Amino acid sequence: MTTKRRTPAPITEPHPAPGRKLVMSTMWGHSPEWRRHVDFYVTDEFGTWRDMRRLLGLADRKQAAILFGAVSIQHRYRDFVFAFLLKHRRGPRPRVLVTDATWKPESRALSRLTGLPASWFGLPLRVAVRLIDGTHVRYGVLSTDELHTFPKLWGVDPDRVIFTPFPATIDPDTPITHGDYLFAGGNSLRDYDLLERALAPGGPPTRVASTWTPSRPIPHLRAGPVPHAEFVELLAGCRAAVVPLEVSVRSAGQQSYLNAMMLGKPVVVTEAPGVRDYIQDGVTGVVVPPEAEALRRAIVHVMDPANADHYREMGERARAWVLANATDTIYKDRVLLDAVGLDRGRPRARTTES
1 MTTKRRTPAP ITEPHPAPGR KLVMSTMWGH SPEWRRHVDF YVTDEFGTWR
51 DMRRLLGLAD RKQAAILFGA VSIQHRYRDF VFAFLLKHRR GPRPRVLVTD
101 ATWKPESRAL SRLTGLPASW FGLPLRVAVR LIDGTHVRYG VLSTDELHTF
151 PKLWGVDPDR VIFTPFPATI DPDTPITHGD YLFAGGNSLR DYDLLERALA
201 PGGPPTRVAS TWTPSRPIPH LRAGPVPHAE FVELLAGCRA AVVPLEVSVR
251 SAGQQSYLNA MMLGKPVVVT EAPGVRDYIQ DGVTGVVVPP EAEALRRAIV
301 HVMDPANADH YREMGERARA WVLANATDTI YKDRVLLDAV GLDRGRPRAR
351 TTES
């Protein structure tokens, strides 16, 4: 497993101003280091002029800015607009770290909105990245695979692309039960058609919390979107979780399998970018090729009551690993160090070639 927890070094400023914080962010955080060094605020006015003015005020005389790269049309692409304004405003520019830079050269959201093919938005998205890019900008990707693919895809300097491992986002104290069903959830880059082909006749009860619709009726399969509270309840009550992923230029699914691991659930995940950065096959989870037969065998094995002790121990190891390496506090403190330039020794594209 490539991700190891690093004890955060103290953050210091050469000439600190009394009462002034080093960093501003469009994300929130609760750790002592985050509250000590980061200015941020919560708003429901994403992308408005008043929002931008307030963000620019927070950025004044800051050493670094942490932006959220996964903003969408729902947020009016707020952080991209703000990154553009930071680049072109007068005066010294803070270092910028764009987190969660898990992008594809297409937009399904804009496709649904306009009726145009998703691939048509590849060029405009590349132009948007060029408009915010500069020597002051670094990009945090969620897999070591993307250290190589991201710079080539978006035309940025590989030395400014870093691996920022994603965290689990679920409460570790969520009540857990042990049902008899298999659970899958989420929409991003999921291959539920593969899961459908893998489900053997007479297989285990399976619940898929997603907008996906099966191609044919399967008696033991239920699929459909659910409210967040029900999603958490289904995850916490399953015997095992499965995450069938599309193979893409970017990683996906980390939140789903890390949350399951946090709850001590055995996870079966198909091979895709990033998976082995978080899961050690046979130790903290099961990683299989994206093939129906391989996925079917793994599901049958993990759901067999005869193997319950084996997978209970796997789930315990997975939970311990997440608590030690992939909590929200660990993620935010790591991102903070990266933002202010204290990330020496972190994997980068030109240092991880094999």
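With this note's numbering as the guide, the letters of the sequence shown map in order to residues 1 to 354. In this text, a Cβ means the ideal position worked out from N, Cα and C, and glycines have one as well. From a predicted model like this one, the values you see are computed outputs, not experimental measurements.
Taking the beta strand (DSSP E) that residue i belongs to, which residues open and close that run?
i: residue 211; result: Unbroken run through residue 211: none, as it is neither H nor E.
i: residue 287; result: 286-288
i: residue 95; result: 95-99
If you follow the alpha helix (DSSP H) that residue i is in, where does it begin and where does it stop?
i: residue 251; result: Residue 251 -> no alpha helix (DSSP H), and no H or E assigned at all.
i: residue 330; result: 328-339
i: residue 243; result: Element bounds for residue 243: not the alpha helix (DSSP H) but the beta strand (DSSP E), 240-243.
i: residue 77; result: Element bounds for residue 77: n/a, residue is neither H nor E.
i: residue 231; result: 228-237
i: residue 69; result: Unbroken run through residue 69: none, as it is neither H nor E.
i: residue 318; result: 308-325
i: residue 298; result: 292-303
Is residue j closer than 9 Å to residue i when the C-beta atoms are compared?
i: residue 137; j: residue 160; result: yes
i: residue 269; j: residue 300; result: no
i: residue 250; j: residue 189; result: yes
i: residue 261; j: residue 286; result: no
i: residue 221; j: residue 183; result: no
i: residue 97; j: residue 169; result: no
i: residue 355; j: residue 94; result: There is simply no residue 355 to check, as the chain begins at 1 and stops at 354 in what is shown.
i: residue 128; j: residue 192; result: no
i: residue 239; j: residue 282; result: no
i: residue 380; j: residue 211; result: This structure leaves residue 380 out entirely; the chain is present only between 1 and 354.
i: residue 247; j: residue 290; result: yes
i: residue 365; j: residue 58; result: Nothing can be reported for residue 365, as the shown portion of the chain is limited to 1 through 354.
According to DSSP, is residue i part of a helix, a strand, or is it coil?
i: residue 181; result: coil
i: residue 141; result: strand
i: residue 153; result: helix
i: residue 84; result: helix
i: residue 132; result: helix
i: residue 166; result: coil
i: residue 260; result: helix
i: residue 221; result: strand
i: residue 272; result: coil
i: residue 190; result: strand
i: residue 171; result: coil
i: residue 281; result: strand
Looking at C-beta atoms only, is the number of pairs between the region 149-169 and the region 328-344 that lie closer than 8 Å three or more?
-> yes
Does the region 226-234 come within contact of the region 191-198, defined as at least 3 CB pairs closer than 8 Å?
-> no
Any chance you could list the alpha helix (DSSP H) runs of at least 4 consecutive residues sitting entirely within the region 13-67, in chain order?
-> Within the region 13-67, the alpha helix (DSSP H) runs of at least 4 residues that lie entirely inside it are, in chain order, 32-37, 49-59.
If we count Cβ pairs, one from each stretch, closer than 8 Å, do we get three or more for the region 168-179 versus the region 268-282?
-> The region 168-179 makes no contact with the region 268-282; the number of CB pairs closer than 8 Å stays below 3.
Pairing CB atoms from the region 50-65 with CB atoms from the region 80-89, are three or more of them under 8 Å?
-> yes
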